[in-house]
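In my numbering, each residue's number is its place in the sequence shown (first place is 1) plus 3.
Every residue, glycine too, gets a C-beta built ideally from N, C-alpha and C.
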Amino acid sequence: IARIFDVLGLISHFIIRGKMLIQRSFLKELDWDDKVSEKEHKDWMDWLNEIENISKLKIPRRFNPVYNLSDCNSIELHTFADAGGEAFAAVCYIVTIVNNERFSNIVMAKAKITPLRHKSRTQISEMPRLELCACFIGALLADTVVNHFSHISFKKYYWTDSEVVLRWIVKPNHRLLKYAASPIDEILKISERNEWRYVPSKLNVADLATKFRKFDFSDSKSVWFTGPQFLRQGEEHWPKMPALDGPPVV
């Protein structure tokens with residue numbers, strides 16, 4: 004796993020699966036020469052076989068297939084964040100708009116394995132903390148992209164499916180839990196409250212890097228590389244913000 008060089012995290016949704024398998028074996032306290040279960044053996048072989056398919060992957064690095072960035076009417080940066088029981092992740096997309104036509108492409112992503120200390124507690128109580136970690140990573144990723152493309156004026160959007168974390172970020176007078184105060188403060192140093200949006204879990208593309216699932220690396224136009232469909236539609240088609248004054252839904 005450590006030999007795979009992916010500095011931009013473009014296949015982090017694949018690499019994280021290998022890390023999940025290692026952690027699962029570690030949790031079972033297996034020695035190096037112990038046999039794994041048939042299911043785990045199959046998961047490992049499937050993952051190893053997919054490595055060979057990575058060579059077939061071709062990711063277009065032009066953010067707009069026709070125009071240069073300087074010729075675009077507007078440029079947006081959309082960042083999605085999500086957390087699961089085994090991993091949390093964030094992924095950024097640059098959306099270019101020319102003559103009312105919208106194009107979206109992945110620019111950077113990052114996925115991290117859930118620390119064991121969080122797994123030792125109940126999943127329900129830990130999910131808001133992990134979702135907050137994902138949002139923090141997303142804010143840092145977006146800040147890296149903005150600093151790299153310093154000559155471009157981005158309109159930024161951040162997306163999460165956690166209403167709990169969204170409430171912490173966008174409601175300035177909301178009372179924060181002790182562990183949330185510091186990350187929220189750091190997030191708001193590099194993003195604005197009104198830049199954060201809600202996205203349903205089924206449309207949250209960062210979810211692809213937090214669940215254990217296979218991928219087709221022959222398709223460079225999959226949702227992981229191009230983002231959800233609504234990015235290529237007008238804002239009237241985007242997910243709507245929920246009312247954050249009611250009881251939270253995790």
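Glu43 to Gly88 span [Cα, whole Å]:
Taking the first residue of the sequence shown as position 1, residue 43 is located at position 40. Taking the first residue of the sequence shown as position 1, residue 88 is located at position 85. Per the coordinates, the alpha-carbon of Glu43 lies some 18 Å from the alpha-carbon of Gly88.
Under 6 Å Cβ to Cβ from Ala142, same chain only, skipping five residues before and after it: list those, please.
Taking the first residue of the sequence shown as position 1, residue 142 is located at position 139. Within the same chain, Ala142 has close Cβ partners Ile190, Ile193, Ser194.
Quick check on Asp46: buried or exposed, where buried means 16 or more other Cβ atoms within 10 Å of its Cβ?
The residue you call residue 46 lines up with position 43 of the sequence shown. Counting C-beta atoms within 10 angstroms of its own C-beta, Asp46 has 16 or more neighbours from the protein chains shown and is therefore classed as buried.
First and last residue of the uninterrupted alpha helix (DSSP H) at His16
Within the sequence shown, residue 16 is the residue found at index 13, counting from 1. 15-30 is the span of the alpha helix (DSSP H), which, as asked, contains His16.
If you compare alpha carbons, which of Arg170, Val148, Thr99 is closest to Ala3?
Past the boundaries of the shown model lies residue 3; the chain is included only from 4 to 253, so the question cannot be answered.
In chain order, each alpha helix (DSSP H) run of at least 4 residues that lies wholly inside the region 184-249
Positions of the alpha helix (DSSP H) runs, each at least 4 residues long and wholly inside the region 184-249, are given as 226-229 in order along the chain.
As a quick exercise: from Ala137, Lys158, Lys113, Asn76, pick the residue whose alpha carbon is nearest that of Asn103.
Taking the first residue of the sequence shown as position 1, residue 103 is located at position 100. Nearest C-alpha to Asn103 among Ala137, Lys158, Lys113, Asn76: Asn76.
Buried or exposed: where does Pro186 fall if 16 or more other Cβ atoms within 10 Å of its Cβ makes it buried?
On the sequence shown, residue 186 is found 183 positions in, with the first residue counted as 1. Buried is the call here.
Inspect the CB distances between the region 50-61 and the region 156-171 and report whether three or more fall short of 8 Å.
Short answer: they don't touch.
Taking only three categories from DSSP, how would you classify Lys115?
Here the question's residue 115 lines up with position 112 in the sequence shown. Lys115 falls in the strand class under three-state DSSP.
In three-state terms, what does DSSP make of Ser107?
Indexing the sequence shown from 1 puts residue 107 at position 104. In the structure shown, the three-state DSSP call for Ser107 is strand.
Ile7 and Ile18 - do their beta-carbons sit closer together than 8 Å?
Taking the sequence shown and counting its residues from 1, the one referred to as residue 18 is at position 15. Taking the sequence shown and counting its residues from 1, the one referred to as residue 7 is at position 4. With respect to Ile7, Ile18 sits close: the two C-beta atoms are nearer than 8 Å.
Smallest Cα separation from Pro231: which of Ile57, Val39, Cys95?
For the purposes of this step, residue 231 is taken as residue 228 along the sequence shown, with counting starting at 1. Among Ile57, Val39, Cys95, the Cα nearest to that of Pro231 is on Cys95.
Short Cβ contact (8 Å threshold) for Phe220 with Asn108
For the purposes of this step, residue 220 is taken as residue 217 along the sequence shown, with counting starting at 1. For the purposes of this step, residue 108 is taken as residue 105 along the sequence shown, with counting starting at 1. Cβ distance not < 8 Å, so Phe220 and Asn108 don't count as in contact.
Between the alpha carbons of Ile100 and Thr117, how many angstroms are there, rounded?
As a first step, residue 100 must be located in the sequence shown, where it is residue number 97. As a first step, residue 117 must be located in the sequence shown, where it is residue number 114. If you take the alpha carbons of Ile100 and Thr117, they lie about 36 Å apart.
Of all the options Val167, Ile97, Ala112, Phe139, which has the alpha carbon lying nearest to the alpha carbon of Leu11?
Indexing the sequence shown from 1 puts residue 11 at position 8. Relative to the Cα of Leu11, the nearest Cα in the group Val167, Ile97, Ala112, Phe139 belongs to Ala112.
For Ser40, name the three-state secondary structure that DSSP assigns.
Within the sequence shown, residue 40 is the residue found at index 37, counting from 1. Assigned with DSSP and collapsed to three states, Ser40 falls in coil, not helix or strand.
With H, G and I counted as helix, E and B as strand and the rest as coil, what does DSSP make of Tyr160?
In the sequence shown, residue 160 corresponds to position 157, counting from 1. In the displayed model, Tyr160 falls within a strand according to three-state DSSP.
For Met23, count neighbouring C-beta atoms within 10 Å of its own C-beta (all shown protein chains included) and say buried if the count is 16 or more, exposed if not.
Taking the sequence shown and counting its residues from 1, one reaches residue 23 at position 20. Classification for Met23: buried.
Write down the C-beta distance between Thr82 and Tyr161 rounded to the nearest angstrom, noting that I regard them as a contact closer than 8 Å.
As a first step, residue 82 is located in the sequence shown; it is residue number 79 there, counting from the start. As a first step, residue 161 is located in the sequence shown; it is residue number 158 there, counting from the start. Contact holds; Cβ gap of about 5 Å.
With distances taken between CB atoms, is the gap from Asp164 to Asp85 smaller than 8 Å?
Taking the first residue of the sequence shown as position 1, residue 164 is located at position 161. Taking the first residue of the sequence shown as position 1, residue 85 is located at position 82. The Cβ atoms of Asp164 and Asp85 sit closer than 8 Å to each other.
Just curious, the beta strand (DSSP E) that Leu80 is in, first and last residue?
As a first step, residue 80 must be located in the sequence shown, where it is residue number 77. Unbroken beta strand (DSSP E) run through Leu80: 77-86.
For a test of the three-state rule: what should DSSP assign to Phe101, helix, strand or coil?
Walking along the sequence shown from the start, residue 101 turns up at place 98. The sequence shown places Val at residue 101, not Phe. DSSP places Val101 in strand when its eight states are reduced to three.
Would DSSP call Tyr96 helix, strand or coil?
Within the sequence shown, residue 96 is the residue found at index 93, counting from 1. Here DSSP, grouped into helix, strand and coil, assigns Tyr96 to strand.
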